[in-house]
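**Q**
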Amino acid sequence: MRKIILILAVAATFITACNNNTVTNETTKSTETMSVDTTKMKTGDVYYQCEMHPEVVSVKADSCAKCGMDLEKVIKK
56 MRKIILILAV
66 AATFITACNN
76 NTVTNETTKS
86 TETMSVDTTK
96 MKTGDVYYQC
106 EMHPEVVSVK
116 ADSCAKCGMD
126 LEKVIKK
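Counting from 56, one number per residue, gives the positions in the sequence shown under the working numbering.
(1) Rounded to the nearest angstrom, what separates I60 and T68 at their Cα positions?
(2) Can you give me the C-alpha to C-alpha distance between G99 and K128, rounded to a whole angstrom?
(3) Using a threshold of 8 angstroms, state whether the C-beta atoms of E110 and M124 are closer than that.
Structure follows, in structure tokens:
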């Protein structure tokens, strides 16, 4: 009886682990962060950009989707 319960517990854990959607969440974050077009911003508008990856831009203070560093505040000139 204990072997059956153990097998069911392992199977349930395996099935749950296979249905994890963390990749989708990271992809969404990355796409959202990198979709800001700073060329259409007005002078004085604020955006946030990664020092190491200048292509990573966001309209809110966040962390870089590539390296995890905090995004630096930039004022459009």
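Even for Gly, the Cβ is constructed at its ideal location relative to N, Cα and C.
**A** With the given structure in hand:
(1) As a working note, residue 60 is residue 5 in the sequence shown. As a working note, residue 68 is residue 13 in the sequence shown. Between I60 and T68, the alpha-carbon positions lie close to 12 angstroms from each other.
(2) Here residue 99 refers to the residue found at position 44 when the sequence shown is read from its first residue. Here residue 128 refers to the residue found at position 73 when the sequence shown is read from its first residue. Each residue's alpha carbon lies about 12 angstroms from the other.
(3) Position 55 of the sequence shown holds residue 110. Position 69 of the sequence shown holds residue 124. The answer is no: Cβ separation not under 8 angstroms.
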